[in-house]
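Below: the structure, in structure tokens.
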Amino acid sequence: MTVQAERDHHKNPQPVAARDRLMSTAARLFYAEGIRAVGVDRVIAEAQVTRATFYRHFPGKEDLITAYLQAEDQRIRARVEYGMTHAGSSGEAMDLLIDGIGEEICAPGFRGCPFINAAAEYPDPLSSVHQAVLTHRSWFHKAITQGLRAGGHPDPAYGADIMMALRDGAMVAGYLNDSRTAATSFSRAARSLIAA
């Protein structure tokens, strides 16, 4: 946080708190119930803010959805980058990534990938929501490619394509079927891919 931002925060902490409540409420509701199923009025009511406060932070619902996806993207980036930085080797980093995906699939309340879910509800490739999904997926593909390259994979970009497809399938299977089976199948297939 910059010095000026910190001063502004201490002068008027309420707007930050209201935005945080809007974001956390939207994230919880959008993920649990679906983006289109949850209206702005419900987010406003459950976040306990006024309509004016909502519109001060977000011009419309699509802006809130985009912010929600960008926050999810940043959360995932931080976890992956932490693992990649603190792993003892590229192999250990990829193991951490695979295990993390498996843990996510088996977590209580798992309802699939928030990015796949959002893309299904917002198929227009020009919408800011769909663009946020594509930005996340592009970054994630690059992260996997780098990890495979560091591990000496013979075709890291193609390997990343396969790993993304395996992950996407496991996310859907984990929501629709037995999450443990989906996580185990993903782990075995992903580790076979790395060993190839």
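Per our numbering, residue 1359 is the first one in the sequence shown, and the count goes up by one each step.
C-beta atoms are modelled at their ideal positions from N, C-alpha and C, and glycine is treated no differently.
Residue i (DSSP reduced to helix, strand or coil)
i	result
Cys1471	coil
Phe1544	helix
Gly1392	coil
Asp1482	coil
Val1361	Summary for Val1361: the model assigns pLDDT 38, below 50, so the residue's position carries little reliability, and this model does not support an answer.
Ser1550	helix
Ala1375	helix
Range of the contiguous alpha helix (DSSP H) that encloses residue i
i	result
Pro1514	1514 to 1534
Thr1503	1486 to 1508
His1415	1409 to 1415
Ala1451	1448 to 1464
Gln1432	1419 to 1444
Residue i versus residue j: straight-line alpha-carbon distance, rounded
i	j	result
Ile1393	Asp1482	15 Å
Ala1523	Ala1410	42 Å
Val1487	Glu1479	9 Å
Leu1455	Gln1432	16 Å
His1521	Arg1495	It should be noted that the sequence gives Met, not His, for residue 1521. Computed Cα separation, rounded: 12 Å.
Ala1425	Phe1544	29 Å
Reference residue i, options the options, closest by Cα
i	options	result
Asp1519	Gln1428, Lys1419, Lys1500	Lys1500
Note to self: For the structure I just gave you, are there three or more beta carbon pairs, one from the stretch 1433 to 1449 and one from the stretch 1504 to 1519, closer than 8 Å?
What the structure shows: yes
Checklist line | Cβ pair count under 8 Å reaching 3, the stretch 1527 to 1540 against the stretch 1445 to 1464 | finding: yes
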